[in-house]
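Below is one structure, written out as structure tokens; the observations come after it.
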Amino acid sequence: MFDATGAFPLTATFESAMQSYGLTVDKFLDHAAKWFGVREVVEADGGAVSRRIGYAALRTRSNRMSGALQALGLEFGDRVATLAWNTQHHLEAYYAAMGVGLVCHTLNPRLTSAHLVTMINEAQDRVLFVAVDLLPLVRALIADCPTIRHVVVIDAPAPDGAALDVRVWDYEALLAEHGAETVWGDFDEHVAAGLCYTSGTTGPPKGVVYTHRSNYLHTLRALQADTMALTARDVLLLGVPMFHANGWGLPFSAPGAGTKLVLPGRLLDGASLARVMRDERVTVAVGVQTVWLGLVDHLDRTGDALPDLQRILIGGSSCPEALLERMEERLGVHVQTSWGMTELSPTGTLSPPYPTGQSRASSGRPPLGVDLKLTDALGVTLPDQRDTLGYLKVRGPSVLDRYFQAESDALDEEGYFDTGDLATIDADGNLTIGGRAKDLIKSGGEWINPNEIEAVVGMHPSVRHVAVIARPDPRWGERPVLVVETHGDGETGARVLLDLLRGKVAEFWIPDQVAEVTAMPLAATGKIDKVRLSADFAAGRIAVQKVAR
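Under our numbering, the first residue of the sequence shown is numbered 28, with each subsequent residue one higher.
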């Protein structure tokens, strides 16, 4: 390519200067198998280890399962659904499908059968991998899903009487009978790799299609030193569900870094997590705040400790200040806050893996590959992008262009996706979410931001969860209702909680109705489900205490 003097020939074509290397997700497991082959993937059941396997062996099994799927008649681009927890078989199914150009459609087991039927039929899924304990759910929906031809039971052998109106396979039997070595990644990086529906906490779920390229670039972004920063020295506990937004991309990031991966199965109670995290010497744990609240409660009761744990990454919804402090003090760890969306693959911003003195409300800065901007309500870019509340929009190679089966894209004229969030960006570039724009409450012609009320009340040490919803009001149009879930100790009466707001928010923002619930309704992602909360309130299923202003 170079001449005798070392100069670049003028006749050379720049297009051929570098190797062609498709950015397909199978390369993460290939890398782990070759260079970290004995590094373990550990599966637990109720805190007790049920399976161990090295990356090399897991790669072999996943690749052979690709051959089995092809033997069932699946062709390039067909959809393979999973209805499963965080287990070894589920991880193998990820790579088995994606490795040969099939689309892995992860389904949320906590949705109703009616919702699942709609998603399966819209995606036209051909094969369904299902956790053995979720077979009753499959029986309730399979008759309404005519495109599914095969059901593969994972995690344990299918019980007697598991017959359905389609062919039912035991995972290990299918692998033994039809498993075959298969070529991975022999396709364009822009093809679809995964399909996931939004959580539906603020509206109907919508499908988001991830490409191999978008997942690959998202993984490189997550592994940056100021983001998730995983290394081959780490032991990662994956406490976020693999059925939501690629499990935050960690099924790709962990093998990409050679990180030991601990999959906790279905049970995420404090006792189960504490046992496996202690026994496997977990250094980094990732999950929503409700998971870590249960862990801290358990450790408080037992007096146990997790001396190897260094970092916890949280996301899903804003975390009350009191809970952040309690987690760091009790666990002796650094907590990284984050913000993301299914539409972002899902990471948007993340605070660094070390203390910086930034605002506790901040979700950190965007890594390379994510660009943010703030606009006004009409979509006009704000001239001052710092310390100003605006409507948050985002752009990048792992950001949604259009929803599954949508007829048009979801971008503005500059190519930015409207997140639906209100936010501010401080002088150092740290993002703070100011709540969902659609959650704003209009009272007497003026806007009330529930997020600001929730942030103040969430500082009370006895408050576990807090939400502000709107109720109709004949005079003001809408009024805010404060809903809390508490520890049950400390003084948390309505007056005490409302007094926290005085002087911190406008007087007319202060709710005149307060409700305490025993358990806040949560989506599978850990976010408070305000749709369900508002429906329960409207139906009279939540008792409220009226407080004179």
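Where is the CB? At the ideal position from N, CA and C, for every residue including glycine.
Residue ranges of uninterrupted beta strand (DSSP E) with 3 or more members, entirely inside the region 159-212 and ordered along the chain, are 177-181 and 194-197. One Cα belongs to glycine 212, the other to alanine 59, and the distance between them is close to 16 Å.
Each residue's CA atom was taken as its position, placing isoleucine 341 and leucine 549 some 15 Å apart. When secondary structure is reduced to three states using DSSP, valine 544 falls in the coil class, being assigned neither helix nor strand. Between lysine 400 and tyrosine 443, the gap from beta carbon to beta carbon is short of 8 Å. Nearest neighbour of glycine 423 by Cα position, chosen from Asp466, Ile460, Thr415 and Thr376, turns out to be Thr376.
Exclusion of the five residues before and after leucine 110 leaves Leu134, Pro136, Leu143, Leu155, Phe156, Val157, Ala158, Leu161, Leu164, Val165 and Phe270 as the residues of its chain whose Cβ lies within less than 8 Å of its Cβ.
According to the DSSP secondary-structure assignment, leucine 401 is paired through a beta bridge with Leu419. Of all alpha-carbon atoms in Thr225, Met304 and Asp331, the one lying nearest the alpha-carbon of leucine 263 is that of Met304. As summarised for the region 313-371, the continuous alpha helix (DSSP H) elements at least 4 residues long and confined to that stretch are 316-329 and 348-358, given in chain order. C-alpha of glycine 472 to C-alpha of leucine 528: approximately 21 Å in a straight line. By the CB criterion at 8 Å, serine 378 and glycine 391 fall inside the cutoff. Here the alpha carbons of cysteine 131 and valine 193 stand approximately 20 Å from one another. Beyond the five residues adjoining it in sequence on each side, glycine 128 comes within less than 7 Å, by CB distance, of Phe103, Gly104, Phe214 and Val218 in the same chain, given in chain order. When Cβ pairs closer than 8 Å are counted between the two stretches, the region 343-359 is seen to touch the region 488-496, the count reaching three or more. In this structure the region 89-104 does not lie against the region 61-72, because fewer than three pairs of beta carbons, one per stretch, are closer than 8 Å.
Spanning the alpha carbons of leucine 351 and glycine 321 requires a straight line of approximately 13 Å. Inter-residue distance for threonine 114 and methionine 255 is about 21 Å (C-alpha atoms, whole angstroms). Here DSSP, grouped into helix, strand and coil, assigns tryptophan 112 to coil.
Sequence-distant partners of serine 365 (beyond 5 residues in either direction) whose C-beta falls short of 8 Å from its own C-beta, in its chain, are Leu340, Ile341, Gly342, Thr374, Gly375, Thr376, Leu377, Ser378, Ser390 and Gly391. Counted as a single uninterrupted DSSP element, the alpha helix (DSSP H) harbouring aspartate 563 occupies residues 557-565. Around the Cβ of serine 372, a 10 Å sphere holds 16 or more other Cβ atoms; the residue is buried. Assignment of phenylalanine 444 by DSSP, reduced to helix, strand and coil, places it in the strand class.
Shown here, threonine 139 sits in coil according to DSSP, grouped into three states, outside any helix or strand. Excluding residues up to 5 positions away in sequence, Asn457 lie with their Cβ nearer than 6 Å to the Cβ of glutamine 385 in the same chain.
Partner residues in the beta bridge of threonine 374, as assigned by DSSP, are Gly367. Every beta strand (DSSP E) of 3 residues or more that sits fully in the region 49-112 is shown, in chain order, as 67-72, 75-81 and 106-110. Less than 8 Å divides the Cβ of threonine 513 from the Cβ of glutamate 543. With a cutoff of 8 Å on beta-carbon distance, aspartate 436 and lysine 420 are scored as not near each other.
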